[in-house]
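Below is one structure, written out as structure tokens; comments come after it.
Residue numbers (the working numbering): 4 to 498.
As structure tokens, then:
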């Protein structure tokens, strides 16, 4: 097959995150495979050969000619347009099974790649891996959504939603998004209509003009508190000194806040904010935030503790799923600490490092069994929230440090007895890994929101003498391609 040729075949499986493996026959009658993104197992699809590297083919999906055996028609009007919920047409059990098999394969390959003869049987059987647990809530579970202003077609009406799959510019409406609840939908529709009626332009990155960039909405699933943050470019209508407030912008923002407050919502708005983003990149960045109404944070509860969450601080996006995730993490750690205490004649409590700690959720959950917990997080706003959270929860043995893990580990004099890792999607910085391994702690708990990053890092731990002894997935991101994975690593006494 040559680049540009069109073929048709059946999707055998999906490899993480969205790589469909399509089996098909070439015109010469040769059985071939092609990697085609965003297909579902069992579908018959037409695709164009986009890349050819040796015998490896990559294709672009053109059409689904026959649905898969378990496939239904999703109610979400944006399905197939936005880059989100690939598995929405499938039953929940099928979706969970696909993700479990993806992670199982990645973990097995990672253990095998460590080339440790003692682990070959462990890699093949993966007896320590407990599979995938479903989210307690399947729809409307998100406690954070970032929507983009734009248009669905060039020079079309203002749209507020998600970027279309495969497009940097086109935005599809998110008014019917099924992983966000009715309050999100109402806020999105009202914000879009408010600015459309006033003909306020969205920010065009190529032309570097326009005003509206993003709408960040966070809603606590358990407390119902809502935070709305309008993210814009610099206002260009100001007359007078640079940076001076423009009455026209102030009136517009006041009108926006009033429109939000007039909505009938099931939750309660705790704050309405306005954030400047002066970057040309299509990211949500804070170059200055003002409060238009209320306060700059909301409260959420997890496993009996209360947490304040600010606009840009990390907090698990599925509160019910997070409780399940952290319960499993706590179970693994407590079992590891029970063994350690049995081996410690003094029976002392351990020092725990919580690296990439976010707003300090895990640190505070583990504080009752620790002498001290030291959390490190690169986002200063999240560190301040973590300190405030610990104070509100009456926890006095947690210390939170703002900075990059790579640099901060050189500054901490205290040595840990156990390390918790919950890095961002791209995993642990390669230069930070040797510093973490140098502590030689008996147990390390690795929590990963991207299993390919975990699979990349796992061989380094194995080669340093660690063995995976417990593992589980939690479907934090139902219907999307994401899944959260926990692995408990143990260092033998001989290592």
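The beta carbon of each residue, even a glycine, is placed where N, CA and C say it ideally should be.
Bridge partners of residue 14 according to DSSP: 25. Taking residue 203 as reference, the option from 181, 228, 160, 229 with the minimal CA-CA separation is 160.
Out of 435, 223, 147, 106, the CA that lies nearest to the CA of residue 452 is found in 106. Judged by their CB atoms, residue 225 and residue 302 are not nearer to each other than the 7 Å cut-off. No Cβ-Cβ contact shorter than 7 Å links residue 35 with residue 48.
Going by beta carbons, residue 164 and residue 156 fall outside the 7 Å limit. Annotation for residue 472: 131, 491, 492, 493 place their beta carbon closer than 8 Å to its own, counting only its chain and skipping 5 residues before and after. Residue 165 is bridged by DSSP to 175. Residue 390: member of the alpha helix (DSSP H) spanning 383-395, first to last residue. Runs of the alpha helix (DSSP H) lying entirely within the region 423-452, each at least 4 residues long, are 435-441 in chain order.
Residue 321 carries a strand assignment under DSSP once its states are collapsed to helix, strand and coil. A distance below 7 Å between beta-carbons, with the five flanking residues on each side excluded, links residue 288 to the following residues of its chain, in chain order: 280, 282. As for any alpha helix (DSSP H) of minimum length 4 sitting wholly inside the region 175-247, the runs are 185-200, ordered along the chain.
Its chain contains 380, 403, 405 as the residues whose beta carbon lies nearer than 6 Å to that of residue 386, once the 5 sequence neighbours on both sides are disregarded; these appear in chain order. Your pair residue 311 and residue 391 checks out as a contact, with CB atoms roughly 6 Å apart and the cut at 8 Å. Using a Cβ distance threshold of 7 Å, residue 205 and residue 153 count as a contacting pair. For the set 400, 212, 372, 362, the Cα lying nearest the Cα of residue 384 is the one of 362. In the structure shown, the three-state DSSP call for residue 329 is helix. When secondary structure is reduced to three states using DSSP, residue 415 falls in the coil class, being assigned neither helix nor strand. Excluding the 5 residues flanking it on each side, residue 179 has same chain C-beta neighbours closer than 8 Å at 78, 79, 80, 81, 188, in chain order.
For residue 480, the closest of 98, 44, 26 by C-alpha to C-alpha distance is 98.
In the structure shown, residue 153 adopts extended strand secondary structure according to DSSP, grouped into three states. In its chain, beyond the 5 residues on either side, 363, 367, 401 have a beta carbon closer than 7 Å to the beta carbon of residue 393. Annotation for residue 372: 337, 340, 352 place their beta carbon closer than 7 Å to its own, counting only its chain and skipping 5 residues before and after. Considering only 177, 478, 388, 52, the residue with the shortest C-alpha distance to residue 96 is 478. With a threshold of 16 other beta carbon atoms within 10 Å, residue 7 falls short and is exposed.
Contact check for residue 437 and residue 486: beta-carbon distance about 28 Å, past the 8 Å limit, so the pair fails to qualify. Residue 456 carries a helical assignment under DSSP once its states are collapsed to helix, strand and coil. When only Cα atoms are considered, residue 85 and residue 177 end up about 9 Å apart.
Secondary structure remark: continuous alpha helix (DSSP H) runs of at least 4 residues inside the region 38-118, in chain order: 95-116. Rounded to the nearest whole angstrom, the CA to CA distance from residue 286 to residue 333 is 33 Å.
In this structure, DSSP gives residue 375 an extended state, which the three-state scheme calls strand. Taking C-alpha positions only, residue 28 is separated from residue 4 by approximately 10 Å. Taking each of 431, 233, 41, 46 in turn and checking the Cα distance to residue 151, the smallest one comes out for 233.
Residue 266 sits in coil when the DSSP states are folded into three classes, being neither helix nor strand. Separation of the CB atoms of residue 273 and residue 229 is rounded to 6 Å, and the pair is thereby assigned contact status at 8 Å.
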